[in-house]
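One structure below.
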Amino acid sequence: MKKLWAAVMAGVLAINILTGCPGSGTESKTAAGNMGDAASSETIQENDKIGLKATVGGTKDQPAELLIFAAASMTETMTEISAMYKDIRPDVEIIYTFDSSGTLKTQIEEGADCDIFISASQKQMNQLDISADPSINTEGLDFIQEGTRFNLVENKVVLAVPDGNPAGIEAYEDLGMDKLSLLCIGNEDVPVGAYSMEILTSLGILDQLESDSKLTYGSNVKEVTTQVKEASVDCGIIYATDAFSAGLTVADEADKDQCRQVIYPAAILKGSNNKEEAEKFLDYLTRNESRAVFEAAGFTMAQ
Amino acid sequence: MDWYPLYNSLRIALISSVIVFFTGIFAAYYIARMNRAVKGILDVVLTLPMVLPPTVAGYFLLLLLGTKRPLGIWFMENFGIKLVMTWYSGIFAASVVAFPLMYRTARGAFESFDETLAHSGQTLGLSNTYIFWHIRMPACRQGILAGAVLAFARALGEYGATSMLAGYTPGKTATISTTVYQLWRTDNEALAFQWVLVNLAISAAVLLTVNMLERKSKGK
Chain A
1 MKKLWAAVMA GVLAINILTG CPGSGTESKT AAGNMGDAAS SETIQENDKI GLKATVGGTK
61 DQPAELLIFA AASMTETMTE ISAMYKDIRP DVEIIYTFDS SGTLKTQIEE GADCDIFISA
121 SQKQMNQLDI SADPSINTEG LDFIQEGTRF NLVENKVVLA VPDGNPAGIE AYEDLGMDKL
181 SLLCIGNEDV PVGAYSMEIL TSLGILDQLE SDSKLTYGSN VKEVTTQVKE ASVDCGIIYA
241 TDAFSAGLTV ADEADKDQCR QVIYPAAILK GSNNKEEAEK FLDYLTRNES RAVFEAAGFT
301 MAQ
Chain B
1001 MDWYPLYNSL RIALISSVIV FFTGIFAAYY IARMNRAVKG ILDVVLTLPM VLPPTVAGYF
1061 LLLLLGTKRP LGIWFMENFG IKLVMTWYSG IFAASVVAFP LMYRTARGAF ESFDETLAHS
1121 GQTLGLSNTY IFWHIRMPAC RQGILAGAVL AFARALGEYG ATSMLAGYTP GKTATISTTV
1181 YQLWRTDNEA LAFQWVLVNL AISAAVLLTV NMLERKSKGK
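In the order they appear, the protein sequences are chains A and B. Using the working numbering, read the first sequence as starting at 1 and increasing by one per residue. Using the working numbering, read the second sequence as starting at 1001 and increasing by one per residue.
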């Protein structure tokens, strides 16, 4: 009995420890890091094979790899654009990591390999840019290559409702009413979450919603979108583009008084081993072909 | 400091432990008696949540309980209750994940039970129910209690399936584990650390209980 008990305990605890769930943030951090490591070591091996000096990253003779960290809301458009880019530059392989800009910023800060960063808000870009105001870039991080940063596209912050709009939410103003029981927004470190809080603050209902426990938080815009799509919540605040790609009904759109412009800045990172290719790809993003993809999904090109 | 997550975590863990205690014992008792093939299959199915990542368990639960999924729709139409994004969604998540711990430990205890004791009870004319509660259960007490304590601890620490099923709504669905993750994400390290300490204290208490149970069994 005693022996058995000890064995059961040991077994059960071991399994428990194995399946224990660490923060998913850490997991994706390591995953991204490993991916980068694996990619570079592969390139080194290839170089060794053809007897070249081992330089990480591509030159004109060998396939180049571009590691792009982009806001989760760009998943569909960027994937489409990279497929088009493959036709004109088959020798460039693009590897994306899509997540909330806040998570991506942390990963870059922790040293993840990355050539291009496209954030859904100026904030995360500023936090990595030494030329930004020290009140925003509080840690004095210097990850952004000078002169490569520009505003790529603009998005809109919308109030999306599930099929049939069960709670009958018609406008941002309705969020203060009793008919709302649960609203899903992004965390404050997620750009769309910060924009959402700005809107709720301008309506003067943020504190009320918080104290009524009517706010549930998603860790990136896609999670919020899924919650709305599954009708787990009455409505959610997401980007026009996400509502569009998920086929959700948009009840209201934030105007300029409620929320500042949603600009997506893009830049090449200082640590990039492939600045030349990165620059070419960023240039492609502003051309007409890419523009058509962005606009079809609900983005507008930034001025 | 808002203590809601502690209250909610304890409430979810306690209720799911009670559910899992009875269902786990029930399953362990009856499955041990089934024929080999059925036993093998049921055993795998019932133990799976222990070895699967909790997010996979959460995914399956969402396919079943989501507002637009079969059980979710049924409950909404018949009782007007939503099964996801509420505090009790955490009970579903915690029960499924903690169940195998109770089930496996109870089964191990039942298997080491000397069946001749039950048989002698039968020759004395005792009912099977009486034998179960007055002979089998006391004899397997240690294993069953240990299973219950482990199930409680697992339910208390549940994160993956809970975050998918119940989300994070402060004051409503927030548990200790989802609160720690949320605070870490939003850079509130000091408060996250306080909750980590709370969690450590509870987990240490649980392990201490297990050790005391073990010592008691040694003393016998």
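C-beta: ideal position from N, C-alpha, C; glycine also.
Measure from the C-beta of residue i to each C-beta in chain B and report whether the shortest distance is under 7 Å.
| i | result |
| --- | --- |
| A/A246 | no |
| A/Y217 | yes |
| A/E139 | no |
| A/S135 | no |
| A/S213 | yes |
| A/A72 | no |
| A/E230 | yes |
What residues from chain B crowd round residue i, counting only those whose CB sits closer than 8 Å?
| i | result |
| --- | --- |
| A/D189 | R1185, T1186, D1187 |
| A/Q227 | M1085, G1167 |
| A/L182 | M1085, T1169 |
Which chain A residues sit within Cβ distance under 9 Å of residue i?
| i | result |
| --- | --- |
| B/Y1168 | N187, T216, Y217, G218, S219 |
| B/Q1182 | N187, Y217, S219 |
Quick one: measure Cβ to Cβ for residue i and residue j, integer angstroms, because I've assumed they're closer than 8 Å.
| i | j | result |
| --- | --- | --- |
| A/A278 | A/I116 | 5 Å |
| A/A160 | A/T249 | 7 Å |
| A/I238 | A/V158 | 6 Å |
| B/A1057 | B/V1096 | 5 Å |
| A/Q227 | A/C184 | 4 Å |
| B/L1013 | B/A1118 | Reading off the sequence shown, one finds Ala at residue 1013 of chain B, where the question assumed Leu. With 8 Å as the limit, B/A1013 and B/A1118 do not qualify as a contact, their Cβ atoms being about 33 Å apart. |
| B/T1175 | B/S1017 | Incorrect: roughly 15 Å between the Cβ atoms, too far for contact. |
Indicate whether at least one CB of chain A lies closer than 7 Å to the CB of residue i.
| i | result |
| --- | --- |
| B/K1172 | yes |
| B/K1068 | yes |
| B/T1209 | no |
| B/P1138 | no |
Which residue wins for smallest C-alpha separation from residue i, given the options the options?
| i | options | result |
| --- | --- | --- |
| A/Y172 | A/F150, A/S196, A/D163, A/L269 | A/S196 |
| A/G168 | A/L104, A/C235, A/V158 | A/C235 |
| B/P1100 | B/N1035, B/W1184, B/F1152 | B/F1152 |
| A/V262 | A/E295, A/T79, A/A254 | A/A254 |
| A/G164 | A/R89, A/T226, A/A231, A/A243 | A/A231 |
| A/T148 | A/Q303, A/F281, A/E295, A/F294 | A/F281 |
| A/I144 | A/D133, A/K156, A/L128, A/A251 | A/L128 |
| A/F294 | A/K156, A/D142, A/V224, A/N137 | A/K156 |
| A/S202 | A/A251, A/L152, A/K256, A/L180 | A/K256 |
| B/V1210 | B/T1169, B/L1145, B/Y1168, B/W1003 | B/L1145 |
| B/F1092 | B/F1060, B/A1037, B/V1045, B/L1048 | B/F1060 |
| A/I320 | A/F150, A/G193, A/I136 | In the structure as shown, chain A starts at 1 and stops at 303, and residue 320 of chain A therefore has no counterpart that could be examined. |
| A/L215 | B/W1195, B/T1169, B/S1016, B/K1216 | B/T1169 |
Residue i versus chain B: which residues are under 7 Å apart at the beta carbon?
| i | result |
| --- | --- |
| A/V233 | M1085 |
Check the Cβ of residue i against every Cβ in chain B and list those closer than 9 Å, keeping chain order.
| i | result |
| --- | --- |
| A/E210 | P1170, G1171 |
Does the CB of residue i have a neighbour CB from chain D at under 7 Å?
| i | result |
| --- | --- |
| B/T1162 | The question asks about chain D, but that chain is absent: this structure's protein chains are A and B. |
inquiry  = Tell me whether the segment 1021-1036 of chain B and the segment 1108-1125 of chain B touch, counting them as touching only if at least three CB pairs, one residue from each stretch, are closer than 8 Å.
reply    = yes
message = Between the segment 176-196 of chain A and the segment 1183-1195 of chain B, can you find at least three pairs of beta-carbon atoms closer than 8 Å?
response = Segments in contact, yes.
inquiry  = Whether or not the segment 1156-1164 of chain B and the segment 1175-1184 of chain B are in contact is what I'm after, with contact meaning three or more pairs of Cβ atoms, one per stretch, closer than 8 Å; do they touch?
reply    = yes
ask   = Quick one: any contact between the segment 63-74 of chain A and the segment 91-101 of chain A, if contact means 3 or more CB pairs under 8 Å?
value = yes
request  = Answer yes if the segment 1040-1058 of chain B comes into contact with the segment 1126-1137 of chain B, meaning at least three C-beta pairs across the two stretches below 8 Å, and no otherwise.
outcome  = no
query = How do the segment 206-214 of chain A and the segment 74-90 of chain A stand: do at least 3 beta-carbon pairs fall below 8 Å, yes or no?
reply = Taking 8 Å as the limit for Cβ pairs, the verdict is that the segment 74-90 of chain A does not touch the segment 206-214 of chain A.
task = Tell me, please, whether the segment 1076-1087 of chain B touches the segment 1132-1142 of chain B by the rule of three or more beta-carbon pairs shorter than 8 Å.
result = Of all C-beta pairs linking the segment 1076-1087 of chain B to the segment 1132-1142 of chain B, fewer than three are shorter than 8 Å, placing the two stretches out of contact.
ask   = Counting pairs of Cβ atoms below 8 Å between the segment 1202-1209 of chain B and the segment 1028-1047 of chain B, do you hit three or more?
value = The segment 1202-1209 of chain B vs the segment 1028-1047 of chain B: no contact.
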